[in-house]
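What follows is a set of notes on a single structure, which appears directly below.
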Amino acid sequence: MLTCYHVTNKLYFLLVFQLATWDPVHGLNGTLTDRKLENNMRGVVLRVVTVLEEPFVMVSENVLGKPKKYQGYSIDVLDSLSNYLGFKYEIYVAPDHKYGSQQANGVWNGLMGELVAKRADVGLSALTITPERESVVDFTTRYMDYSVGVLLRKAERTVDMFACLAPFDLSLWACIAGTVLLVGILVYLLNWLNPPRLPMGAVSSTTFYNSMWFVYGSFVQQGQWRLAVKGNVTPSRTAQPTASSSSKKRKWSRRKSKETEHKRN
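Structure representation (structure tokens):
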């Protein structure tokens, strides 16, 4: 004869149920499926430790001689399990009113300490599941996700005219402006002390204004002037003769023609 049993270890109580028997004459007598847990903890009294926190666990103090009564979302879940499984419970609040953490000496306090020391069978509260707590007690499947959110005021959008200057600090912009000014002055002085060779009648356009614009254009990589590879800084095209240079050229031509006629005579 073969007998099948179902063994469960729920809430620190060993429960053994006979599922079915089998013999060669009558065959299978019963079913091999799990029995329902309904009313299979009848007569069991559990000690439940809790920590008060609305709306999960609350207590109403004794009014008009009535004993205090626990209520809340977690209490409703516990009452539903009690009615379904048939057990009764005694509930009390953790002595230090804490959820529990492991101290430096390895001892747990609060609700966790009551469970680890086996002074309570069940802990009922809005207890956060952590790896440290899971290593010493068993948690049920969580039935509520409880999180904390932070609300921030929506930032007002403002238009900043100087947003283009934001990439660099004010001191760096001052250094850039000072560098452009200093290099522009040096370019002008170098061209004034050592002027470039120009064709006859041409006038150099390297003025202080042009020198400053040349340095600024080199810095921002813009403009129509090109950078000289070496030597003096010269424009990329020959300067156009001005009105004064044209009149000088005509006078020089007339003088040359008069000298030629005088030699012929």
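For the sequence shown, the residue numbers in mature numbering (1 follows the signal peptide of the UniProt record, and there is no 0) are -27 to -1, 1 to 238.
No residue lacks a Cβ here, since even glycine has one placed at the ideal position from N, Cα and C.
Span separating the alpha-carbon of residue i from that of residue j
i	j	result
L143	A136	12 Å
T(-7)	L19	33 Å
V17	L124	47 Å
L54	M14	10 Å
K71	K61	25 Å
E34	A128	47 Å
A139	L145	11 Å
A93	W81	14 Å
L163	V193	22 Å
Under the three-state DSSP convention, the category residue i falls into
i	result
I149	helix
P214	Residue placement at P214 is flagged as unreliable, the pLDDT there being 48, under the threshold of 50; a coordinate-derived value is accordingly withheld.
E105	helix
Y46	helix
L25	coil
S98	coil
residue 245	The structure shown has nothing for residue 245, since the chain only spans -27 to 238.
C74	One detail in the question is off: residue 74 reads as Ser in this sequence, not Cys. Note: S74 maps to coil in three-state DSSP.
A(-8)	strand
V66	strand
Where residue i falls, given that 16 or more other Cβ within 10 Å makes a residue buried
i	result
T23	buried
E87	buried
A147	exposed
I48	buried
T179	buried
F187	buried
Rounded distance between the beta-carbons of residue j and residue i, thought under 8 Å
i	j	result
P106	M85	The identity of residue 106 in the sequence shown is Arg, whereas the question assumes Pro. Indeed they touch by this definition, with Cβ atoms about 6 Å apart.
V89	L51	V89 to L51, Cβ: 21 Å. No contact.
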